[in-house]
Structure formats: C-alpha cells, structure tokens
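Visitor: Numbering (the working numbering), first residue to last: 1 to 397.
We put the beta carbon where it would ideally sit given N, CA and C, even for glycine.
Owing to the predicted nature of the structure, the values given are computational and were not obtained by experimental measurement.
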Amino acid sequence: MCEMNSRSLQSEEKPDQSGKLRDDMDWGAEGERKFAGGSYEEACRCFERALQCRPFDAKMHNNMSVALWQQGNTGDALQHLTQALELDPDDRDVIFNCGRIFCKLGRQEDAREILGAFLDRNPGDGEAKNELERLNTPAQDSQPVDSAAFLNQQGEEQFARGKKEHARVCFELALEHNPDSARACNNLGVLYWGEGDLKKALEHLYKALDLDAEDAEILYNSAKVLTASGEVETAADFLQLYLQKHPRDEAAWQDYRQLISESTFAWNNNGLAPEVGDIYLHMGQALAAAKDYPGAAEALGRAAMLKPDDAQPLYQLGLLHLELEQKEDAIRMFRAGLERDPEHRGVILALARALIEEGCQEQARPVLEAYLAGHEDQEMASYLEDAGATNEQPQLA
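(1) At which residue ranges does the region 71-109 contain complete alpha helix (DSSP H) runs of 4 or more residues, listed in the order of the chain?
(2) DSSP on residue 142, reduced to helix/strand/coil?
(3) Tell me which same chain residues have a C-beta within less than 6 Å of the C-beta of residue 91, skipping the five on either side of it?
(4) Need the endpoints of the alpha helix (DSSP H) that residue 186 sits in, please.
(5) May I ask you to report which of helix, strand or coil DSSP gives residue 153?
(6) If you follow the alpha helix (DSSP H) that residue 53 is in, where does it begin and where does it stop?
(7) So what's residue 158 in DSSP terms, helix, strand or just coil?
(8) According to DSSP, is residue 381 helix, strand or coil?
(9) How big is the Cα-Cα spacing for residue 47 and residue 210?
(10) Nearest-angstrom Cα distance between residue 227 and residue 200?
(11) Please classify residue 385: is it buried, with 16 or more other beta-carbons within 10 angstroms of its beta-carbon, or exposed?
(12) Determine the direct distance from the alpha carbon of residue 297 to that of residue 318, and round the result to whole angstroms.
(13) So residue 207 packs on residue 185, CB below 8 Å; how close in whole Å?
(14) Which residues mark the beginning and the end of the alpha helix (DSSP H) in which residue 365 is found?
(15) Express the C-alpha separation of residue 220 and residue 1 in angstroms, rounding to a whole number.
(16) Relative to the alpha-carbon of residue 85, which residue among 62, 239 and 195 has its alpha-carbon at the smallest distance?
(17) Tell me whether residue 181 is buried or exposed, calling it buried when 16 or more other Cβ atoms sit within 10 Å of its Cβ.
(18) Within the same chain, show all residues whose beta-carbon is closer than 7 Å to that of residue 142, passing over the 5 residues directly before and after it, in chain order.
(19) With distance defined between alpha-carbon atoms, name the residue in 134, 290 and 225 nearest to residue 202.
(20) Name the residue from 66, 33, 213 and 72 whose alpha carbon lies nearest to the alpha carbon of residue 80.
Shown next, in the form of structure tokens:
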C-alpha cells in the first residue's frame with residue numbers, strides 16, 4: 001500500500017448561504033490549505049484548533065493523523081486515527097489510512113482485520129476489496145520490514161520532543177513485535193528511570209543486558225540507575241565494563257571516580273602490609289598495558305593508599321590519564337607524586353612536559369630548576385630551555 005498523501009485528507013464543509021465560515025470551519029479549511037502547501041506543522045496547529053471546537057469530529061481527527069504522519073509522528077497519528085475509527089467505524093478514508101499505517105508498521109494482520117470488517121459491512125466497496133486482495137498477495141520483491149526497529153526509532157524521536165507517553169507506546173509496540181529487542185528494553189528502562197521508578201527501570205535494563213550484554217549504552221544506563229538505587233559497587237563494575245569499550249569518555253570517568261570515592265564503596269586496607277601495594281602497582285601496570293583502563297585506575301589507586309610515601313603509584317596514574325588525554329587529572333597526579341617524593345625524576349619530567357604542553361611554562365620552570373639545582377641532567381635542561389629559562393647576567397646601568 002502507498003503512504004498517506006493529500007488525497008487522504010477529507011474536505012472541510014462549505015460556508016453557509018451567507019458566505020461566512022464559523023471559526024471551527026475556518027481552522028479546518030486553513031489546515032487543508034497549509035497541508036496542500038507542504039506546511040504540515042502549521043496544518044497540525046490548525047486542525048488542533050478545529051478539534052478544540054469539534055472534539056468528536058472523526059474527519060478532523062483523520063486529517064490531524066495524516067498531517068502528523070507526514071512529520072513522522074507515528075504515535076500521535078495512531079492516537080488520532082484510533083479516535084477517528086471509534087467515532088466513525090464506517091468512514092472509508094479512516095479505514096484506508098489505518099490500513100496504510102498498519103502496513104507501514106508491519107502489522108499486516110491488523111490491516112487485514114480492519115479492511116475485512118469494513119468489507120463485511122460494505123460488501124460492494126470495490127476499492128476496499130482490491131486493497132484487501134493486495135494485502136493477501138505477497139509482493140515478490142518486497143523486503144521484510146523491521147517493525148521493532150522502526151517503532152524504536154519513532155519512540156526515540158518522540159522522547160527527544162519531550163512526548164514521553166507517546167514514546168512509551170512506541171517502545172511497548174516494538175516489544176510486541178520483537179520481545180527480544182534489547183534496544184526497546186533499554187529505552188523503556190530509561191523512561192522509568194526518568195519517572196523515578198527505579199525498580200521497573202532496573203527490571204527492563206537487566207532484561208536488555210540479558211539480550212545484549214555487550215551493548216555499551218545499556219551498560220552505562222544500567223550503571224546510572226544502579227547508582228541512583230544505592231547499588232554503588234555493582235554500578236562501578238558496570239562502569240568498568242563500559243569504560244573498557246569507551247576509555248575516552250570523560251563524563252563516564254568522572255562518574256567512575258565519584259563512585260570509588262564514595263564512603264559506601266571505600267576500600268578497606270586495614271591490616272594489609274605495604275608490600276601488598278607492590279602487587280597492586282604491578283597489577284595496575286599490567287592492566288594498563290592490556291588497555292583495561294578502569295581496572296588499572298582502581299589497582300593503582302589501591303597501591304597509592306597502601307604506599308602513602310611512594311610517588312610511583314601516582315606517577316603511573318598520571319601516565320594513565322595522559323594516555324586517555326586527561327591532562328588536568330594527569331597534572332594533579334604528578335603534583336601529588338611530587339609532594340611525596342620531590343626527587344622522583346619521572347614525576348618531575350612528566351609534570352614539566354605536561355605543563356609546557358598546556359602552555360604553563362611559568363609553572364614548569366621552578367619544578368625543573370629545583371631539580372637541576374642538585375642534579376646534572378641534559379634532558380631536564382632541554383625542557384628548561386623550552387620553558388623559557390633565562391641565564392643572562394644582570395647588566396650595570
């Protein structure tokens with residue numbers, strides 16, 4: 001079946017003998033003119049005004065649905081068509097429009113049912129009979145329609161417009177077509193999360209994860225809802241998995257750092273010998289080499305706690321942040337390492353390099369000069385030159 005077009009609109013009534021239109025008729029006729037000119041959004045506004053005057057006008061609901069459909073607003077189009085069908089189940093235009101929408105959504109059985117019921121009441125309608133025959137004859141070159149994907153897309157568009165109830169209808173319809181749609185489960189989970197129903201949100205997100213445990217978006221949404229539910233440790237695990245797939249997502253790193261710093265997830269290092277810190281240090285380096293950045297960050301953070309006087313864990317954390325292009329965090333780690341060990345060459349060199357690259361030469365100079373005051377180091381001296389150090393002697397006036 002073809003998509004709805006201008007012929008699917010139903011003409012507004014004519015003026016009375018005085019030539020004057022009533023206000024509600026004016027809006028309907030104006031909507032038809034706007035629609036004919038391709039101004040579908042303006043047409044919708046006109047039909048909406050007309051419906052305020054005549055809320056039980058099946059023809060006006062039909063016209064509204066056609067204009068909404070042309071804008072891709074499937075949820076509202078279905079709503080108005082359903083109202084039109086309830087108000088006048090024998091209106092041919094409404095029947096055909098319902099059939100076309102259902103076909104577009106892959107709901108051929110629903111389209112057949114509506115057209116069949118109409119033919120039972122109107123057996124002499126040749127056009128309806130032809131439409132039903134076309135539905136019953138499979139096209140040779142037709143491609144299967146992914147109705148769930150289409151409905152998900154429509155729901156996401158409705159959600160972006162702020163029409164959450166319409167989005168919900170689309171996502172639920174998507175699940176009717178494909179109960180194994182991880183995307184639809186994820187989207188419903190996000191909807192429930194926004195409404196504050198964390199139990200239902202987690203229910204749908206867990207189902208989405210069962211269907212597609214590798215989907216990064218589902219992992220991230222699950223972590224956010226778990227955090228809101230107070231399941232901080234599990235949320236951190238989910239964020240670790242997400243960050244393995246998106247290691248340069250700065251917002252996710254901020255969420256992760258916040259989680260591991262919260263008291264409910266504070267790691268207890270009481271009773272552990274400082275030597276255990278060496279194990280975590282080597283583990284963190286190995287995880288970083290394997291590109292498991294969140295795992296590396298956690299291991300190095302524990303090493304830093306177990307070895308409070310050692311700059312090496314903080315140095316490695318700074319290098320990890322540099323790898324992820326998180327310069328500010330890297331500089332913060334290097335500064336903290338320098339406080340622990342002012343003679344740590346790697347920390348000094350990395351800090352100076354990062355500061356110079358950030359255009360902070362005036363901050364890099366004292367760091368380098370303090371080290372060079374007690375050491376001969378050509379590489380450090382070259383960085384000091386890059387930082388703009390001057391060795392000129394003062395001149396007498």
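Guide: Reading it off the structure:
(1) Listed in chain order, the complete alpha helix (DSSP H) runs (minimum 4 residues) inside the region 71-109 are 74-87 and 92-104.
(2) Confidence is the limiting factor: at residue 142 the pLDDT is only 45, short of 50, which leaves the residue's position unreliable, though a coordinate-based value still follows. Residue 142 falls in the coil class under three-state DSSP.
(3) These residues qualify, in order along the chain: 58.
(4) Taken as a continuous stretch (DSSP letters only), the alpha helix (DSSP H) holding residue 186 covers 182-195.
(5) Three-state DSSP puts residue 153 in a helix.
(6) That run of the alpha helix (DSSP H) goes 40-53.
(7) In the structure shown, residue 158 sits in a helix (DSSP, three-state: H, G or I).
(8) Residue 381: helix per DSSP, three-state reduction.
(9) One C-alpha to the other measures close to 44 Å.
(10) Spanning the two alpha carbons is a distance of roughly 15 Å.
(11) In summary, residue 385 is exposed, with fewer than 16 beta-carbon neighbours lying within 10 Å of its beta-carbon over all protein chains present.
(12) Taking the straight line joining both Cα atoms gives about 10 Å.
(13) Correct: roughly 5 Å between the Cβ atoms.
(14) Counting along the chain, the alpha helix (DSSP H) containing residue 365 begins and ends at 361-372.
(15) Here residue 1 scores only 26 on pLDDT, less than 50, and its place in the model should not be relied on; the value that follows carries that caveat. When rounded, the distance between both Cα atoms is 41 Å.
(16) Minimum Cα distance to residue 85 is reached at 62.
(17) A buried status is given to residue 181, since no fewer than 16 other beta-carbon atoms sit within 10 Å of its beta-carbon.
(18) Reliability of the predicted coordinates at residue 142 is poor, the pLDDT of 45 falling under 50, and the value obtained from them is presented with this limitation in mind. Closer than 7 Å at the Cβ level, and outside the excluded window around residue 142, lies no residue.
(19) Minimum Cα distance to residue 202 is reached at 225.
(20) Selection 66, 33, 213 and 72 evaluated against residue 80 yields 66 as nearest (Cα-Cα).
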